[in-house]
Amino acid sequence: MQRIGVFVCHCGTNIAGTVDVKRVVEAVKKEPGVVYAEDYQYMCSEAGQQKIADAVKNEHLTGIVICSCSPRMHEGTFRKAAEKAGLNPYLVEIANIREQCSWIHKDMEEGTEKAVILARAAIAKVMLNAPLQPGESRVVKRALVIGGGIAGIQTALDIADAGYEVDIVEKTPSIGGRMSQLDKTFPTLDCSSCILTPKMGEVNAHEKINIYTYSEVEKVSGFVGDFSVDIRKKARYVDMDKCTGCGLCQEKCPSRKTPNEFNRGLNTRPAIYTPFAQAVPNVPVIDTEACIKFKTGKCGVCSKVCAAGAIDYTQKDEIITREYGAIVVATGFDTINLDKFDEYYYNQSKDVITALELERLMNAAGPTGGNVVRLSNGEHPKNIVFIQCVGSRDVTCRGKSYCSKICCMYTAKQAMLLKDHYPDVDVHVFYIDVRTPGKNFDEFYRRAVEEYDVDYIKGQVGKVSEAENGRLLVQGVDLIDNRQIKMEADLVVLATAIEPNKDVRKIATMLTASIDNNNFLTEAHPKLRPVESPTAGIFLSGVCQGPKDIPETVAQAGAAAIKVVGLLAKDKLVTNPCTAQSNPLFCNGCSACEKVCPYGAISYEEQQVMDGGVRENRRVAVVNSALCQGCGACTVACPSGAMDLKGFSNRQILAEVDAICR
Amino acid sequence: MTYSYFPGCTLKNKAKDLDFYARACAKALGFQLEEIPEWQCCGAVYPLASDEIATKLSSVRALKDAKAKGQDLVTVCSACHHVIKRVNDDMANVEEIRTKVNNYMSDEEPYNGETKVLHYLEVLRDVVGFDAIKEKVVNPLKGRKIGAYYGCMLLRPSVTMQFDDPENPSIIEDFIRAIGAEPVVYPMRNECCGGYISLKDKPMAANMVDQIMDSAAWKGAQELITACPLCMYNLRNNGTKEGLPVTYFTELLAEALGIKEEVQA
Amino acid sequence: MQEELIRRAKELLGDGTVVRVMGWRKGDLSFNPEPALFETEESLAEFVYDGFCGANLSKYMIKLSKLEGKTLVFLKPCDTYSFNQLVKEHRVDREKAYIIGVGCDGSLDVDAMKEKGAKGIQEITEDGDTVTVRAIYGDKTFDREDVILERCRACKGGAHMVYDELASNADEEKPARDGRFSLVEKIEVMDPKERFAFWQNELSRCIRCNACRNVCPACSCIKCVFDNDRYDTAQKANADTFEEQMFHIIRAFHVAGRCTDCGECSRVCPEHIPLHLLNRKFIKDINTFYGDYQAGADTDSRAPLTNFTTEDVEPSIVQERG
Amino acid sequence: MSADAKLAQQIREISGVDTRKCMKCGRCSASCPAYNEMDIRPHQFVSYVQNGNVEALMNSKSIWKCLSCFACVERCPRDVKPAKVIEAVRLSVIRQRGENFLSPDEIPALLDDETPQQLLASAYRKYRK
Amino acid sequence: MSIEAKNENKEFKPLIVAFCCNWCSYAGADLAGSSRLAYPADVKIIRVPCSCRVNPLFILRAFQKGADGVILCGCHPGDCHYSTGNYYARRRMTLLFSMLDYLGVENGRTRVEWVSAAEGVKFSQTMNEFVEKIYSLGENVRLEDLRCKKN
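Residue numbers (my numbering), protein chains in the order written: chain A, 18 to 679; chain B, 45 to 309; chain C, 2 to 323; chain D, 31 to 159; chain E, 205 to 355.
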């Protein structure tokens, strides 16, 4: 005989404001099986949990229902409370009467009625709950970091320093990421490569870190603690062990017309190349689409000049399969495509550039040797206009609804540096708001205005076009002076919105990590679990989770690392007991369930079955509960109902349906 | 291919050229324009207010007529195209307007924006193809430097008009190339000419026309073409100085196809 | 034909290739032969094969493949699809069956003859395309085409999908017939109220005798979900009417993508409910949405409901197509 | 609800524009070809309606200067559609006050030989009901 | 007829069951709640681990027990927490809905919508739309009547 206790939470006035909790208590008391019901201010509080424990003991409860907030919030809390009181934690059900009731209904009558029905459904379900025992699974003591930018580098270093093995998978030929493209960093104006290069070297030299550059994650299977990952190591056509990094091949390569990705296409590179001088590893790759040898079979100059004999045109892609306990996503960002923003004249004029392109122009190792010039004629610009929020905070189909966060600061930085290098230039910044939260950030921006005379104009630009003298004509507005401006400029710099790396959707799908509408990876909790994905064992580092600057990225990278270390430090993991199980008496052995299982958790074996007094050998399905993640696809594929899901059984769900439709 | 054709009021009167050439060129290029019987003026201005229903009805009638025939609806006049295309978009996507208009018309079969609305230039680009036109040109306009004047109504709002890149269009330039001339791109080609206020506010219109003409001339254009009778009127008549000559694009098409004299006769 | 089959069965029994024969035996009337197992050469005297041997023997092979030794089974072309499907689902052991593929000119439908005025039937004889009925209230002669089962009018063709040998009347070249979905289409074009009324009229006659379930080669669960009290669907365990009311829809869904369209459900229904039109609807939808698929045409392709593409149609297609 | 607030509400309804969506970036005014002819500027129209100050807009000459060229609509990053607000104010003036910027009597004098029908039709639509 | 006319049936209170997958749609419903995006109380949510856990049988049971509409919400195709669950759900529901339509149970009473954890607005909008749709359809043809002829 079931003895169910029901606890109705007020959640202050969050629930009690629209749900008459007393009436809910009275109503559920009438439900068959319910022997105890009470309401309390905050069920999740210490005192509330004590009430549960007391009732379990005094009333000999066999199951409890908490009518409260979403189970995604406090299911864990109440399960622990039940366990402490000696009740199996899986004999707890939550009726979500806050997020899915009191918060969305205004009418007390309506809210109360719905709360009672939701409580009934939970009671009907809990009557059929069975005590479940979590299993155990192993933890592979190795982490994978996807992406070798500053986020991935920092995460890898922190994990490795804690004593665990880490692999970094980087898509491009070198680690370093976006940070390696930057000239100086705000708010201290120290040189980006001066602070990044030592870290790259450290990663390279670390005995616990293994770097796969020019490689991509191809397939992921398994689950927290025990992932198996296929990494495609693309053919470099250069032997990593033999190459000395002398650079002669790059110098002699006759194919030199490919846009240089590292310099954002502002100049060209040879077919055999390292992206930049400080590349790690300092081993070039051959771009087969540009290479004359690969296209025509003739050439082979690089091979001839290579004294080390490192060139190997026969190299093939290699698939490496490795096991990991945790995976960190650090795939970073790119700037958005500006094809839909032709009013800014970006595609029409060489003198309209993105801020990241300006970084390359300002960098001493960049295509102009650090000389900021108009790319149309090579002259020094006299009047420079910065336009903020290009594609950011834009809810139309052209842009991104979010603030890209870094632009205000880098614009102040670039404006200041330009004024510093070229005191004769005029710099204007069209802005909507200047957003500078951060230590010494606003002071930094004010320096640009007060010390460097950068002209900040509150307003935006409507159109950039060509002026009759070959300069650019910028038509904008100054909202403070209430005046439309038509200004001639030599260089226009666009603070282009950033977006997550294009590959992230593919990677998230492989990892079954959730992703938001803007392709940013979703965190498990926006405040309390910001570096974890809701998918266990997947962690987030850097801009893949949301726009952030370097200090924030490094901080988050460290946070992700400590979460990984916390996981890898465990010897065993407790597994979700809500797994599928097959009843051999009903199983036909038809294999339908096996076909829909995404985890390969179902296999078949010959079993001796006693059915109605007859002993028979049958082919029956067997679920590996360590692999099963509890999705339930198999339960529906099974025509006979032999396959069922613990915690969400057919009978339980039907009981909920019946209770709601009563 | 036969299209329902909505000429519009101006093409029946002041802009007869635009109409005649359009029809003749269609024939020469192998498509038919079947004039919608008893069409009514589209109203010349798209009713922006969400509570204007009656002013949308004439467009809906034309659209329904095309739907009944199973034809796409073609217009030449930019204004008619703008109005009809936007009303059609409302009928397809704005439930309130659709409900009210259909209730108002109280026909058996409600209209839900099924008809496809095309501008004549879109037919040239997407159906006939500029390459095909190039082949049919007997009298290429070699050496002529022509600026395309787009104005506002063909391009904006681009979400609805879906005509071309609103900030950097290329359809008329491609057209100019197809008829053998040299297109001249100039910054003001998609800026408003001020046509609407040209009746009442000549100085403002004049200022805007001058800017467009200056911009085109600076870039080396010797003449302009347009698809809009209002722009045509404004550009031709309201500038303060001697501007560039302006013609309808259909006239140049007829010339290139070698049928201009035939039409004039 | 019958004699040829008996002779071949005796040979196979005699040389030890098989230890039993699954076939058909004379019934009490001339038009109701029944499936039967023959274990001796003598018992084969009762073996019959004629136009009334519509029964699909493949399902019997589930039990028979658990026994020692091979079983000889006679399968008509459409029966071989069912057999294949059962092989795919690991329900029958291909190695335990010796299959003779027999030809089929379409199964006769005694009810159709009764409807056409044959009363008090005593004997029915077939002669090519003519069927002669000797009856108390007047003899009748029919064109075979007029008195075959509906399923045979939409015959999948003469080819056997699986066999060890073919009988001399097998015609592997016999083409498939059209119009398999014409009855489904007729229902589809009704308005929803008419459709509801149509099915209400049909399904309300069901007496829940389970004949359809018992005969269906796809409905071969060791224990039916409706007899499974762990599911809360079995009427016996849960005093409500769910099974009673939902039986046919759920049955059709459970065999969707697995049903070979053998038509046995409708053939055996004592209330003449066109149950196969539920299954055919699923087949038609599957063909339209996911590409042509014939269950039982092979033994290794993935069934449509245990498969997907990322580009599959959305369920809203049902509303959109009106 | 005050009379001002009611009027503002009415403008929001006629235009179908949610003025709260504006983030005051000014891209509308930066794009407007009639900006220098206007006393109250496109971005201010949105703000005035939001603040319930429609009276000032109704007395503004800007409503007769807007060309409905949709440059503001095209470039607005928040999908606010300032041109629709201006049109709504213009319509309110015409509807409520019967005020005409253009009177039929003065038209013949404004015409020339080439004036297209389209201009007349649109002038009537823009300036009176 | 007024041009404002629209059918409204105030008497009828529909019963609507929403199956929501734990990872996306249930979280989307929570987000709708924490953003206070209202939708009618007629909607009652049942949490399932994945849209692929929803057996057509559950939906039929709901209809049989008197539900007027059943909606299934899951992660967007490609975003399933279990990689592929919603793809199977999509096929199953497409075929089931088509069958219900074929049986003359009005279509429009069933719906599948993909709602991510970030789409609180979409969740609320979807529910509002669906409830409105069910209101416009009125009370359901009782599925159980398929088995008993009423005349």
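Every residue gets a Cβ at the ideal spot worked out from N, C-alpha and C, and that includes glycine.
> Would you say R464 (chain A) faces chain D, with C-beta separation under 8 Å as the test?
Replying inline: In the first sequence, residue 464 (chain A) corresponds to position 447, counting from 1. Not an interface residue.
>> So, at 6 Å on beta carbons, what are the nonlocal neighbours of G479 (chain A) in its own chain, with the 5 sequence-adjacent residues on each side left out?
In response: Numbered from 1 along the first sequence, position 462 holds the residue referred to as residue 479 (chain A). For G479 (chain A), where only same-chain residues beyond five positions count, the Cβ hits under 6 Å are Q492.
> Mind pulling the chain B residues with CB within less than 7 Å of S482 (chain A)?
Replying inline: Translated into the one-based positions of the first sequence, residue 482 (chain A) becomes position 465. Neighbours of S482 (chain A) in chain B, taken as residues whose beta carbon is under 7 Å from its own, are P231 in chain order.
> Is R8 (chain C) buried or exposed, if buried means 16 or more other CB atoms sit within 10 Å of its CB?
Replying inline: The count along the third sequence starts at 1 and reaches residue 8 (chain C) at position 7. When all chains shown are included, R8 (chain C) counts as exposed.
> Do G349 (chain A) and G166 (chain A) come within 8 Å of each other at the CB atom, strictly closer than that value?
Replying inline: Position 149 of the first sequence, counting from 1, holds the residue named residue 166 (chain A). Position 332 of the first sequence, counting from 1, holds the residue named residue 349 (chain A). Contact check for G166 (chain A) against G349 (chain A) passes: the beta carbons are separated by less than 8 Å.
> Going by other Cβ atoms of all chains shown within 10 Å of its Cβ, with 16 needed for buried, is Y138 (chain C) buried or exposed?
Replying inline: Within the third sequence, residue 138 (chain C) is the residue found at index 137, counting from 1. Burial state of Y138 (chain C) is exposed, judged by a 10 Å Cβ sphere holding fewer than 16 other Cβ atoms.
> Under 8 Å, do Q19 (chain A) and G80 (chain A) count as touching if we go by C-beta distance?
Replying inline: Taking the first residue of the first sequence as position 1, residue 19 (chain A) is located at position 2. Taking the first residue of the first sequence as position 1, residue 80 (chain A) is located at position 63. Taking 8 Å as the Cβ cut-off, Q19 (chain A) and G80 (chain A) qualify as a contacting pair.
> Which residues mark the beginning and the end of the alpha helix (DSSP H) in which L259 (chain B) is found?
Replying inline: Here residue 259 (chain B) is taken as the residue at index 215 of the second sequence, counted from 1. Rather than Leu, the amino acid found at residue 259 (chain B) in this sequence is Ser. DSSP places S259 (chain B) in the uninterrupted alpha helix (DSSP H) bounded by 246-262.
>> Looking only at its chain, what residues have a beta carbon closer than 7 Å to the beta carbon of L14 (chain C), apart from the 5 residues adjacent to it on each side?
In response: Within the third sequence, the letter at position 13 stands for residue 14 (chain C). Apart from sequence neighbours up to five positions away, the residues of its chain that approach L14 (chain C) with a beta-carbon distance below 7 Å are V22, E42, ordered along the chain.
> What did DSSP end up calling R142 (chain B) once you bin it into helix, strand or coil?
Replying inline: Here residue 142 (chain B) corresponds to residue number 98 of the second sequence, with the count starting at 1. In the structure shown, R142 (chain B) falls within a helical segment according to DSSP collapsed to helix, strand and coil.
> Curious, which full-length alpha helix (DSSP H) runs of at least 4 residues does the segment 341-423 of chain A contain?
Replying inline: Taking 4 residues as the minimum length, the alpha helix (DSSP H) runs contained wholly in the segment 341-423 of chain A are 372-379, in order along the chain.
> chain B partners of E360 (chain A), CB-CB under 9 Å?
Replying inline: Translated into positions along the first sequence, residue 360 (chain A) becomes position 343. Residues of chain B passing the Cβ test: P210, E211, N212.
>> For V111 (chain C), which residues in the same chain have their Cβ closer than 6 Å to its Cβ, ignoring the five residues on either side in sequence?
In response: What you label residue 111 (chain C) is simply residue 110 of the third sequence in a count that begins at 1. Sequence-distant Cβ neighbours of V111 (chain C) in its own chain, meaning closer than 6 Å and more than five residues away, are F32.
>> Let me check understanding here. Comparing Cα to Cα, which of A:V133, A:G34, A:T570, A:V36 lies closest to V23 (chain A)?
In response: Mapped onto the first sequence, residue 23 (chain A) falls at position 6. Checked all of A:V133, A:G34, A:T570, A:V36; the closest Cα to V23 (chain A) is A:V133.
> Going by DSSP, which residues form a beta bridge with K250 (chain A)?
Replying inline: Working through the first sequence from its first residue, we reach residue 250 (chain A) at position 233. The partner list for K250 (chain A) (beta bridge, DSSP) reads A:S232, A:E335.
> Are the beta-carbon atoms belonging to D243 (chain A) and E340 (chain A) less than 8 Å from one another?
Replying inline: For this step, residue 243 (chain A) is matched to residue 226 along the first sequence. For this step, residue 340 (chain A) is matched to residue 323 along the first sequence. In terms of Cβ geometry, D243 (chain A) and E340 (chain A) form a close pair [threshold 8 Å].
>> For the segment 478-505 of chain A, list every residue whose C-beta sits within 9 Å of some C-beta in chain B, in sequence order.
In response: Correct list: K480, S482, E483, A484, E485, L490.
>> Between B:D151, B:E286, B:I241, B:P213, which has its C-alpha nearest M257 (chain B)'s C-alpha?
In response: As a position in the second sequence, residue 257 (chain B) is number 213, starting the count at 1. Of B:D151, B:E286, B:I241, B:P213, the residue nearest in Cα terms is B:E286.
> Are the CB atoms of M217 (chain A) and G239 (chain A) nearer to each other than 8 Å?
Replying inline: Taking the first residue of the first sequence as position 1, residue 217 (chain A) is located at position 200. Taking the first residue of the first sequence as position 1, residue 239 (chain A) is located at position 222. For M217 (chain A) and G239 (chain A), no; Cβs fall outside 8 Å.
>> Any beta carbon of chain A sitting closer than 8 Å to that of I223 (chain C)?
In response: Here residue 223 (chain C) refers to the residue found at position 222 when the third sequence is read from its first residue. It does; some Cβ of chain A falls within 8 Å.
> Between the C-alpha atoms of Q236 (chain C) and Q624 (chain A), what's the straight-line distance to the nearest angstrom?
Replying inline: Position 235 of the third sequence, counted from the start, is the residue given in the question as residue 236 (chain C). Position 607 of the first sequence, counted from the start, is the residue given in the question as residue 624 (chain A). With a pLDDT of only 45 at Q236 (chain C), under the threshold of 50, the placement of this residue in the model should not be trusted, and no figure is reported.
> Counting along the chain, where does the alpha helix (DSSP H) carrying A597 (chain A) start and finish?
Replying inline: What you label residue 597 (chain A) is simply residue 580 of the first sequence in a count that begins at 1. Not the alpha helix (DSSP H): A597 (chain A) falls in the beta strand (DSSP E), residues 597-599.
> Between the Cα of V269 (chain C) and the Cα atoms of C:V134, C:E4, C:A253, C:A212, which residue gives the shortest distance?
Replying inline: As a first step, residue 269 (chain C) is located in the third sequence; it is residue number 268 there, counting from the start. Of the listed residues, the one whose Cα sits closest to V269 (chain C) is C:A212.
>> Any C-beta of chain E within less than 8 Å: which residues of the segment 66-85 of chain A qualify?
In response: Only those residues of the segment 66-85 of chain A whose C-beta falls short of 8 Å from the nearest C-beta of chain E would be listed, and there are none.
> Among D:R120, D:V76, D:S32, which residue has its Cα nearest to the Cα of N89 (chain D)?
Replying inline: By 1-based counting over the fourth sequence, the position of residue 89 (chain D) is 59. By alpha-carbon distance to N89 (chain D), the top candidate from D:R120, D:V76, D:S32 is D:R120.
> Should the segment 227-236 of chain A be called in touch with the segment 264-280 of chain A, which here means at least 3 C-beta pairs below 8 Å?
Replying inline: Segments in contact, no.
>> Using beta carbons (cut-off 8 Å, strictly below), is T413 (chain A) in contact with chain D?
In response: Residue mapping note: residue 413 (chain A) aligns to position 396 of the first sequence, counting from 1. For T413 (chain A), the answer is yes, since a Cβ of chain D falls inside 8 Å of its Cβ.
> Which residues mark the beginning and the end of the beta strand (DSSP E) in which G80 (chain A) is found?
Replying inline: Within the first sequence, the letter at position 63 stands for residue 80 (chain A). From DSSP, the beta strand (DSSP E) with G80 (chain A) extends over 80-85.
> What does F665 (chain A) reach in chain C if we use C-beta pairs closer than 7 Å?
Replying inline: On the first sequence, residue 665 (chain A) is found 648 positions in, with the first residue counted as 1. What F665 (chain A) touches in chain C: nothing, since even the nearest Cβ is about 14 Å away.
> Fully enclosed by the segment 614-645 of chain A, which beta strand (DSSP E) runs are 3 residues long or longer?
Replying inline: Taking only runs of at least 3 residues, the beta strand (DSSP E) segments lying wholly in the segment 614-645 of chain A are 619-628, 631-640.
>> Spatial neighbours of A240 (chain C) within its chain, please: C-beta separation below 8 Å, excluding the five flanking residues on both sides.
In response: Walking along the third sequence from the start, residue 240 (chain C) turns up at place 239. Per-residue confidence for A240 (chain C) stands at a pLDDT of 42, beneath the threshold of 50, marking its modelled position as unreliable; the derived number appears in the next sentence. Answer for A240 (chain C): no residue qualifies.
> In chain B, which residues lie less than 9 Å from Q365 (chain A) when you measure between Cβ atoms?
Replying inline: In the first sequence, residue 365 (chain A) corresponds to position 348, counting from 1. Residues of chain B passing the Cβ test: N212, V229.
> Assuming C425 (chain A) contacts V444 (chain A) under a Cβ cut-off of 8 Å, what Cβ separation, rounded to an integer in Å, is found between them?
Replying inline: By one-based count along the first sequence, residue 425 (chain A) stands at place 408. By one-based count along the first sequence, residue 444 (chain A) stands at place 427. Between C425 (chain A) and V444 (chain A) a beta carbon distance of about 15 Å is seen, past the 8 Å cut, so the two are scored as non-contacting.
> Do three or more CB pairs link the segment 265-279 of chain E to the segment 150-169 of chain C at distances below 8 Å?
Replying inline: Verdict: no, contact absent.
> By a C-beta neighbour count over all protein chains shown, 10 Å radius and 16 as the cutoff for buried, is N380 (chain A) buried or exposed?
Replying inline: For the purposes of this step, residue 380 (chain A) is identified with residue 363 of the first sequence, where counting begins at 1. With 16 or more Cβ atoms within 10 Å of its Cβ, N380 (chain A) is classed as buried.
>> By alpha-carbon positions, which one of A:S550, A:I140, A:D200, A:R195 ends up nearest to T570 (chain A)?
In response: Taking the first sequence and counting its residues from 1, one reaches residue 570 (chain A) at position 553. Residue A:R195 is the option with its Cα nearest to T570 (chain A).
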